[in-house]
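First comes the structure, then the notes that go with it.
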Amino acid sequence: MSHTIKKQMNLPQSRERVWEAIANREALADWMHPNDFEPRVGHRFTFQVPGNPAVGFAGLTVNCEVLECAPPRLLVFSWSAGGPVANTRVSFRLEPEGDGTRLVFEHSGFDLSQPFGDQAFKGADYGWSKMLNQLSSLLTARSTQSQ
Amino acid sequence: MTAAPKSDVFVAISHEARRQMLDLLSESGRSVNDIASHFEMSRPAVSQHLRVLLDAGLVTERRHGRERHYNLSPGRLAPIRDWITQYDRYWDEHLMRLQKHLSEKKSK
Chain A
125 MSHTIKKQMN LPQSRERVWE AIANREALAD WMHPNDFEPR VGHRFTFQVP
175 GNPAVGFAGL TVNCEVLECA PPRLLVFSWS AGGPVANTRV SFRLEPEGDG
225 TRLVFEHSGF DLSQPFGDQA FKGADYGWSK MLNQLSSLLT ARSTQSQ
Chain B
1098 MTAAPKSDVF VAISHEARRQ MLDLLSESGR SVNDIASHFE MSRPAVSQHL
1148 RVLLDAGLVT ERRHGRERHY NLSPGRLAPI RDWITQYDRY WDEHLMRLQK
1198 HLSEKKSK
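Here the protein sequences come in this chain order: A and B.
Everything in the first sequence is counted per our numbering, starting at 125 for the first residue and increasing by one.
Everything in the second sequence is counted per our numbering, starting at 1098 for the first residue and increasing by one.
This is the structure we're talking about:
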């Protein structure tokens, strides 16, 4: 069992509409990051996560490859951002839900935590980590921008 | 408190062989020979990987006569789990942005 981030949300828009927002370069740039996505299996692309010098975040490149692309139902791409996030898998599944869409999101393959049960972490002293700080900085930068 | 590790935990687990070594050690402590028997690489190569894990504080080393024994120190993996938790928040934020993106598009 590998660690998986799972999220579900109901959206009032149709699957076709949601699909346009997840399988389109401009739309992804709007809610994710600048990218060179194309909706075609095997296409390799990157997300350019901008840096924030104010908090010492240099920015990073996420390397991806489209693994599955079945409009308006399923989009899967790999996600490699270095560190423990090498070749993880991001998937968006769109299911009809009334007039709208249920979005089932998963980011899986964080297999580094795999052999270690949750109990193994209990009582651990939490160490400093560069990447942790980087992502925190990124989130801070994002929320500042959106204000 | 544990002493500060000499090398980065993220670097230490970036190699597949080292992750497999941690897997093995999560079952029980093992000698170098035992660990080496699971890998098709030279003993010195195995020792080098163990050295990286040791420097990162992920394993501890004990000498048994001429043999070295290794045990897992899982607490040192906490930064990685923390990091994944941050990813969880990252997606919360970006899925909210997706929602916003969709609703703005609708109103136009």
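Where is the CB? At the ideal position from N, CA and C, for every residue including glycine.
The model shown is predicted, which means the values in this text are computed figures rather than measured ones.
Query raised in the report: Three-state secondary structure (DSSP) at ARG1159(B)?
Result: strand
Query raised in the report: Given that a residue counts as buried once 16 or more other Cβ atoms are within 10 Å of its Cβ, and exposed if not, what is GLY166(A)?
Result: exposed
Query - Of the listed residues LEU198(A), GLY233(A), ASN187(A), nearest to ARG226(A) (C-alpha basis) - result: LEU198(A)
**Report entry** Pairwise C-alpha distance: ILE1132(B) and PRO177(A)
**Finding:** 44 Å
Query raised in the report: Based on Cα-Cα distance, which residue from ASP1185(B), HIS1198(B), ARG1178(B) lies nearest to ILE1110(B)?
Result: ARG1178(B)
Query raised in the report: Which residues mark the beginning and the end of the beta strand (DSSP E) in which GLU221(A) is found?
Result: 212-221
Requested in this report: Could you say which of SER1200(B), HIS1191(B), GLU1201(B) lies nearest to TRP155(A) if we only look at CA atoms?
Outcome: HIS1191(B)
Query raised in the report: At what residues does the alpha helix (DSSP H) containing SER1170(B) begin and finish?
Result: It is not in any alpha helix (DSSP H) - SER1170(B) carries neither H nor E in the DSSP assignment.
Requested in this report: Starting from the Cα of LEU1121(B), find the closest Cα among LEU1199(B), LEU1147(B), ALA1142(B), SER1139(B) and give me that residue.
Outcome: LEU1147(B)
Requested in this report: Closer than 6 Å by C-beta to ARG168(A): which residues in its own chain qualify, once you throw out the five before and the five after it? Chain order, please.
Outcome: GLU189
Requested in this report: Answer with yes or no whether the minimum CB distance from TRP155(A) to chain B is below 8 Å.
Outcome: yes
Query raised in the report: Taking Cβ positions only, does ALA147(A) come closer than 8 Å to chain D?
Result: Among the chains of the structure shown, chain D does not appear; the protein chains present are A and B.
Query raised in the report: Using the C-alpha atoms, what's the distance from VAL200(A) back to ILE146(A)?
Result: 10 Å
Report task. Give me whichever residues DSSP pairs with MET1193(B) in a beta bridge. Result -> Looking at the DSSP assignment, MET1193(B) forms no beta bridge with any residue, so it has no partner.
Query raised in the report: Apart from the five residues on each side of it in sequence, which residues of its chain come closer than 6 Å, Cβ to Cβ, to SER1200(B)?
Result: none
Requested in this report: With 8 Å as the limit, tell me which residues of the segment 1173-1184 of chain B have their beta carbon closer than that to any beta carbon of chain A; keep them in chain order.
Outcome: ARG1173, LEU1174, ALA1175, PRO1176, ILE1177, ARG1178, ASP1179, TRP1180, ILE1181, GLN1183, TYR1184
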